Amino acid sequence: MLAFAIVIAGAAILSIGHAATTGEDRDEAGWGFVRPWDSLYSVTVLPSGKWLSVGAEGVLLTSSDSGKNWSRQRLAKRGDLSWYDLFSIRFAGDGKTGYIGGEHGIILKTDDGGETWAEQKTGTQELIFRVVPVDAQHAAAAGSNGLLMWTEDGGQNWHSQTFKNGITFFDVAFTDPRNGWAVGEFATIAHTADGGKTWQLQAGGDRSKFRLPAYMTVIFKDAQHGWAAGQGGVIVGTADGGASWKPVTSSTDLALYASLVPGPSGDTLWVAGDEGVLIRMSTTGAVTPVVSRPTFSSLTEVAFAGEVGVTVGTDGTLLRSEDGGKTWHAVESK
Amino acid sequence: MIGEKILRYRAPIGIVLLAISAYMAYAAAHITIATRFVDFFPRTHPNVLLYHKYERYGGAQTLTFMIEARHGDIFTYPTLKKIQDLTFVLDKMPAVNHQSIRSLASYRVTYAVALPGFLKSQPYMYPSVPKTQAGIDDLKREVFVHRRDLRNLVSPDTRSALVTASFYEGELDYRKLFNRAQDLVRQYSDADTNVYVVGEPIIRGYGYYYFPTIVTIFIISVTVMIFILWISLRERSTWWTPIITGSLSALWGLGFVGIMDYTFDPVMLVIPFILTARDMSHGIQWQGRYYNELDRVGHRKFEAIAATTSDMLPPGLLSILADIAGIIFISFGGIPVLQHIALAGSVWLAGSLTMVFIFQPILMSYLPTPQIKRHGESRNPIILWLKRVIDKLVAFPTTPGAARPIAIGLVFIFILWGIGSGLRAKVGYTTPGTPLYRQSAKVNQDMRHVGEVFPLDEGWAITSAKEPKLIQGQYPSVLDPDILRMQRDLSQFLMLDRNVTQVVSVADNLMLPFNRMFHYSEPEYASIPGGILDAGSLFYLFSQNTAPGESELWVNDQYDDSIVRIYVTDHTYATLNKLTDRLNEFRDRRQGWDPGMKQVDFKFLGGIAGLYAAANDVLYQLDFINITFVLGVVLLFCCVTYRSLVAGLLFVISCVAANFGAFIYMRLVNIGITIDTIPVISLGIGLGVDYGIYTVSRILDECRAGEPLDRAVTTALYGTGAAVFMTFATIVGGMIPWVFSPLLFHNEMSVLLIILMFTNMIVGVLILPAFIAWVQPRFIFGGRQPTPRHEEPLREAAT
Chain A
285 MLAFAIVIAG
295 AAILSIGHAA
305 TTGEDRDEAG
315 WGFVRPWDSL
325 YSVTVLPSGK
335 WLSVGAEGVL
345 LTSSDSGKNW
355 SRQRLAKRGD
365 LSWYDLFSIR
375 FAGDGKTGYI
385 GGEHGIILKT
395 DDGGETWAEQ
405 KTGTQELIFR
415 VVPVDAQHAA
425 AAGSNGLLMW
435 TEDGGQNWHS
445 QTFKNGITFF
455 DVAFTDPRNG
465 WAVGEFATIA
475 HTADGGKTWQ
485 LQAGGDRSKF
495 RLPAYMTVIF
505 KDAQHGWAAG
515 QGGVIVGTAD
525 GGASWKPVTS
535 STDLALYASL
545 VPGPSGDTLW
555 VAGDEGVLIR
565 MSTTGAVTPV
575 VSRPTFSSLT
585 EVAFAGEVGV
595 TVGTDGTLLR
605 SEDGGKTWHA
615 VESK
Chain B
5 MIGEKILRYR
15 APIGIVLLAI
25 SAYMAYAAAH
35 ITIATRFVDF
45 FPRTHPNVLL
55 YHKYERYGGA
65 QTLTFMIEAR
75 HGDIFTYPTL
85 KKIQDLTFVL
95 DKMPAVNHQS
105 IRSLASYRVT
115 YAVALPGFLK
125 SQPYMYPSVP
135 KTQAGIDDLK
145 REVFVHRRDL
155 RNLVSPDTRS
165 ALVTASFYEG
175 ELDYRKLFNR
185 AQDLVRQYSD
195 ADTNVYVVGE
205 PIIRGYGYYY
215 FPTIVTIFII
225 SVTVMIFILW
235 ISLRERSTWW
245 TPIITGSLSA
255 LWGLGFVGIM
265 DYTFDPVMLV
275 IPFILTARDM
285 SHGIQWQGRY
295 YNELDRVGHR
305 KFEAIAATTS
315 DMLPPGLLSI
325 LADIAGIIFI
335 SFGGIPVLQH
345 IALAGSVWLA
355 GSLTMVFIFQ
365 PILMSYLPTP
375 QIKRHGESRN
385 PIILWLKRVI
395 DKLVAFPTTP
405 GAARPIAIGL
415 VFIFILWGIG
425 SGLRAKVGYT
435 TPGTPLYRQS
445 AKVNQDMRHV
455 GEVFPLDEGW
465 AITSAKEPKL
475 IQGQYPSVLD
485 PDILRMQRDL
495 SQFLMLDRNV
505 TQVVSVADNL
515 MLPFNRMFHY
525 SEPEYASIPG
535 GILDAGSLFY
545 LFSQNTAPGE
555 SELWVNDQYD
565 DSIVRIYVTD
575 HTYATLNKLT
585 DRLNEFRDRR
595 QGWDPGMKQV
605 DFKFLGGIAG
615 LYAAANDVLY
625 QLDFINITFV
635 LGVVLLFCCV
645 TYRSLVAGLL
655 FVISCVAANF
665 GAFIYMRLVN
675 IGITIDTIPV
685 ISLGIGLGVD
695 YGIYTVSRIL
705 DECRAGEPLD
715 RAVTTALYGT
725 GAAVFMTFAT
735 IVGGMIPWVF
745 SPLLFHNEMS
755 VLLIILMFTN
765 MIVGVLILPA
775 FIAWVQPRFI
785 FGGRQPTPRH
795 EEPLREAAT
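First to last, the protein sequences are chains A and B. Numbering of the first sequence is given in this note's numbering, commencing with residue 285 and proceeding in unit increments. Numbering of the second sequence is given in this note's numbering, commencing with residue 5 and proceeding in unit increments.
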C-alpha cells in the first residue's frame, strides 16, 4: 500500500512538474523551448555551470548541459495567459543569490541558484532594466524615469530614488558594496560611493542635449578601469574611476545594448547589439575590435563560461559557441 | 373535371400565359452575368456584418501577385524592378484601393531607424530600386533585419516577394480584372522569374474564363436532352412539345431573375440547367400519358387532353410542390445567393406547373391530333434483350418469395448508412484552394504554390472601446495600455496554432516597435507603454510619419476600434474552426480578470476568413433545416393527397432511402457541405421523389378502376414506369456532359445528381411498388376492398 501511494504521489509530482515546464498553453507541443517570436533579453551562467536566460512574457530558460538543451517556464504571471516582461538576470558570486528585473517594477529573487523565485516589494511600476547583486545582502537596480534602487537586506526592503531630470538608466555595475556606476540616456554616467544611496553625475545628465547617445551598458574591471557602450556604436572608457571618459573605437555605428561582459581570455570584452552585431574588443586597446554578424536579429546579451558562450536576442535568437566566440551556431529548439 | 374547364377557356388562358412569357423574356434579356462575392455569405451573420463594417481596411477582393526568382533570391536589380513596376501598375488599375497596395516598393511599407536625437522612417525601396550591388546589399540587410515585419511580403528564404492590392467590389469588373492579371503574369514572367496571381477575384474570374466552355456544355446537354426526348416520343408527330413548354418555363425563371435584379453567376449555370431538365421531364410525363389516353379513348383529342390533365394535375402538383420544397428552404440561411437561387428556382418550377399542366394541354388542343409514325414491334436484338430485362424488373415487385423482403431489408441498411453519413457530413471546405475547380487546375496549383510560402487568408478580431473617448482631447481610449497588452497576449496565444502564420495588431506592429525605436532601439522597450499618454504620443508620432490613411489600417477614423489581423494558412473548416475556438477560449479566459478585456467589446471574426467561417456556421444548420422541412412537406402533401398517414410516412422513408445516398457519396469523395454544394443537394432531394409519386399514383388509379393490386402494379410499371425511366434518362443524359466540365464543382455535382436520380428511380419504381405489393397498405385501394390476386398473365399497357 505504501509503495502504491509513493508511485501515485510520484506520478502526481511528475505531472505537476511537467505542467510547470510546459506552461499554460495547450498548443505548446511541437514548438520547442524557444519560439520564433520570443525576445530573450538576458543570459547568465552560474559557477555550477547552470545557464539561465529571461525574456519577454515571463520566459525563463534554463540549461544544465552547457547550453545545448534548455527547458522553459514562465514567471511573473499577470493573469491567465499574461506575464510581465523580464529584462535581466544576475547572480552574486555565491551562485545562489540572484535577481531578475522586469517591467511593472518587478524584481524576483532566488536564494537557491534559480530553482525557485519570489517576488519582492519594490513600490514602483517603472521598468527595471537591471538588478545587480553585489553580495548576498546588497544589490542595486536601475530603471526608467530616473529610477535607482538599492537594498541592504537581501531585498526585503528596496529603497528608491528618482535621479535628477528623470533620466532613464539602463545598466548599473558595482566593484564592491559601495562603489558603483549607472549609465543611461543623454550620455549620462553617474557614480555612487555609498552603495547606491546617493549618486553623482560624472558625464551627461543634460536632457537638452538630445543628440548625445544613450549609454546602455557599463562594466568595471576594477575601481579605475571601466567601459560604457550604447547608441550609435559608441564605446567610451575610463582609467580613473569615471572622472574622465574617452571614446574607444568600436568599428560600428549600430546600437550596442547587450551588456559588456568579460571574454574567455582576461583582456577581452564582448558587447552586442542591433542587427546581430557582436564585438570582441581588447581592454588594453592593443588590437582593433573584431566585429562579426552571426545573425540579423538584435542581440541583447552574451555570456561565457570558459570557451562556451551563449548569446540571446530577439526573434527567438539563441546562439552558442564552443570556441570562445569565434563561431556561433543556433541552438536547436526541441 | 379541371381538364374540361381549362379547355373551355383555352383561348384567354393561353393568351394570358403567352403575354406573361413575353414579358418574362424581356426581363430575362436584362440579366447581369456577374459575381458578387459577398452574396455567398449569410447577410446578417455577425462575421459578415463585421466584414462590411471594416471592408475598406482590406476587403476580400484582394489580388496577390507572387514574384519568384527561379535562381537565387529576389535581390537582383531585374527582379526588384519587376516588383516595383508591378506595384505601380496595380496602383493605376480601375477600382483599386490605393491605400491597400503593399510591396517592398510601396511607400507605405516602411521601417524606422533610431538615431541620436531623432527617428527616421523610410520605405524599403521607394521611389527607386537600388542600382548598385552595395545598394542592393543594404536593402537585403534591412529586409533580413525586419523579416518578421515583412513576413507577408517577403518569403523566409527570400526567393519570393508579394505585391498585393485590394479592390472595391462595387466598381470591380471581374472579367477585365482577370484578363489584365493574366496579361501581367505573362508580361513579367521570363527565364529567371515565375509570376503567380491568386485571390478571390481570380477564382471568380476563372468562371468568366471558362464561360464559353460552360455554355458549350450547356448547349450539348440541351441537345442530348432533345435527342432523348425524340427517342422516347418519336412515335408520335408532336414529340417536340415539351421543348416549348420547357423553354417557356425557363423564360419565367430567368425573367424573375431579371425582374429582381439578381446577378447570375456563371459557375452556378448548372442550377438552371437542372431546373430546365426538370421542366422537360414533367412535359415528357404529361405527353406520354396523353398518348396513353389517346390510345384508350380512340384518338378523341379533347377527351384525351381533358382526362390527361385531370389525372396528371394532382400528382404533377404534388411533384412540383416537392421540387419547390427541395429548394425554397435553402433561403432560410440568409445567404443571398442561396436566397436568389431558392426564389428564382421556385418561380421556375412554378412556371413549370403552369406551362406543363395548363399551357401544354392548351397547345396540344390547337395542334393536330398526334399521328402514330411508327408501327409494329422492333426486331432489333438489343431492343428485344432490353425488353426481356424490363419484363424481369417489372415482375420483381409482384413476385412472391424472399427477394422482396431481402431487397427492402437492404434498403433499410442503406438508410442507416446514409443517416450516419449525414450526421457526420463535413461542413465547409476540406482542402485548401477552391473546390470549384480540380486540384490540378491552374487556379488551385497557383494557390497551393503561393500558400506554401505566404498565408492567403485573413481574419479580423476587433477590439472596440465600450466607452470611446479622446483622453486629453487627443489620445484614443482604445489605445489604453491594458487593451494593447491584451492584443499582444492574444497574438502570442494565437501563434501557437501552426495554421496561424502571423498576427498583426497596433500593439505588436506599431506600439512595440515604435516604443523601441523611440527609445534608442533598446529591445527591452519593445513593451507596452506605461500609460495612455505614452501610447497616444507614439500613435501620433506614427501617423505623422506615414502615408495618409495608413493609421486607419490600425485604428479606425473614429478612434474607437482597433483591428487585429490574423493570417491563416487556408480557409478550411478545420483551420477556421480551430481559430474561432481559440478566440473564444482567449475571451473566456480573460473575461473575469483582464482590465483590457473589460474595456472593450471583443468581436470576431471579420475578414475573408470570417466570411467562410460564417458560411460554415450556417450551412450545417441550413442543411439540417432544409432536409427536415423538405421531408415535412413531403409527409404533409402525401398525407393530404392520398388521405393516409401511412402513405405520407412511406414516401418520407423512400425519400430518405433514395437521397441520403448523397451523403454517402460525399463522404467517399471528400466533398463537404459548402455554399457551392448545398443548392444542388437540395434540388436533388426534391427532384427524385417525383418518381415514386408518379408510380404510386398510377397504381392507385388502376386499383380504383377495379384492377387487382398485382396487375395494377404491373400496369403502372409498364406505363408510368416507362415514362419515369424516360424522365430519368432525360435528366441523366443531360447531366453527363457536365461531368466533363473544367469546373470540379460541375463534375462532382453532376455525378452526385446522377447517383441521386438513379437511387430515386430504383426506390420509386421498384422498391416502393414492391413494398406496396407485399404489404398491401389500405390507402392504395382508395377505400375499396382489396381484390384478390389473379394468376392471369400480366398484360402490358401501351406506351
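Even glycine gets a Cβ: it sits at the ideal position worked out from N, Cα and C. Predicted, not measured: the structure shown is a model, and the values here were computed from it.
Where residue i falls: helix, strand or coil (DSSP)
i        : result
B/Ser350 : helix
B/Asp141 : helix
A/Asp378 : coil
A/Glu559 : helix
B/Ser3   : Limits of chain B in this structure are 5 at one end and 803 at the other, which puts residue 3 of chain B out of reach.
B/Trp389 : helix
B/Asp694 : helix
A/Gly600 : coil
A/Ala614 : strand
A/Phe504 : strand
B/Met521 : helix
A/Pro546 : strand
A/Val338 : strand
Nonlocal neighbours in the same chain, by C-beta distance under 7 Å from residue i, ignoring five residues either side
i        : result
A/Ala304 : Below a pLDDT of 50, predicted positions are generally treated as unreliable, and A/Ala304, at 31, falls in that range; the measurement from the model is reported next regardless. Same-chain partners within the cutoff: Gln357.
Same chain, Cβ closer than 8 Å to residue i, neighbours up to 5 away in sequence not counted
i        : result
B/Thr373 : Leu298, His303, Lys305
B/Ile140 : Phe79, Thr80, Tyr81, Leu84, Pro134
B/Gly786 : Leu704, Cys707, Arg708
B/Asp153 : Tyr115, Asn513, Pro517
Presumed contact (8 Å Cβ cut-off) between residue i and residue j, rounded CB distance
i        : j        : result
A/Ser582 : A/Glu559 : 7 Å
A/Phe447 : A/Gly430 : 4 Å
B/Tyr130 : B/Ala109 : 6 Å
B/Ile570 : B/Gly463 : 5 Å
B/Leu11  : B/Ser369 : 6 Å
B/Ala267 : B/Thr36  : According to the sequence displayed, residue 267 of chain B carries Thr and not Ala. That pair is a contact at about 5 Å.
A/Ile412 : A/Gly389 : 6 Å
Sub-9 Å separation of residue i and residue j beta-carbons
i        : j        : result
B/Pro533 : B/Leu488 : yes
B/Tyr624 : B/Val431 : yes
B/Val167 : B/Ile87  : yes
A/Thr625 : A/Ala523 : Summary: the structure shown does not reach residue 625 of chain A, with chain A confined to residues 285 through 618, and so no result is reported for it.
B/Ser745 : B/Ile230 : no
A/Trp442 : A/Gly479 : no
B/Gln291 : B/Thr245 : yes
A/Glu616 : A/Gly379 : no
Neighbourhood of residue i by C-beta, 6 Å cutoff - its chain only, sequence neighbours within 5 removed
i        : result
A/Ala620 : Limits of chain A in this structure are 285 at one end and 618 at the other, which puts residue 620 of chain A out of reach.
A/Glu341 : Trp367
A/Trp612 : Pro578, Leu603, Ser605
B/Cys642 : Ala651, Gly652, Phe655
A/Gln404 : Ile391, Lys393, Gly439
Contact test: residue i Cβ vs the ligand PLP heavy atom, cutoff 8 Å
i        : result
A/Gln421 : Only the bare structure without any ligand can be found here, which leaves the ligand PLP out of the picture.
### Task
Mind checking the stretch 500 to 532 of chain A against chain B and listing, in chain order, the residues whose C-beta falls within less than 8 Å of any C-beta there?
Met500, Gly514, Gln515, Gly516
### Query
Listed in chain order, which residues of the stretch 547 to 564 of chain A have Cβ atoms closer than 7 Å to some Cβ of chain B?
Asp558, Glu559
### Task
Could you list the residues in the stretch 381 to 398 of chain A with a C-beta less than 7 Å from some C-beta on chain B, going in chain order?
Glu387
### Task
Pull out every residue of the stretch 312 to 326 of chain A whose Cβ sits closer than 7 Å to any Cβ of chain B, in chain order.
Glu312, Trp315, Trp321, Ser323, Tyr325
### Message
Against chain A, which members of the stretch 493 to 513 of chain B pass a CB distance test of less than 7 Å?
### Response
Asp493, Gln496, Phe497, Met499, Leu500, Asp501
### Message
If the cut-off is 8 Å on Cβ atoms, which residues from the stretch 134 to 155 of chain B count as contacting chain A, listed in chain order?
### Response
Arg145, Phe148, Val149, Arg151, Arg152
### Query
Closer than 8 Å, Cβ to any Cβ of chain B: which residues of the stretch 455 to 486 of chain A, in chain order?
Glu469
### Query
Of all the residues that make up the stretch 364 to 375 of chain A, which are near chain B by a beta-carbon distance shorter than 7 Å?
Asp364, Leu365, Ser366, Asp369, Phe371
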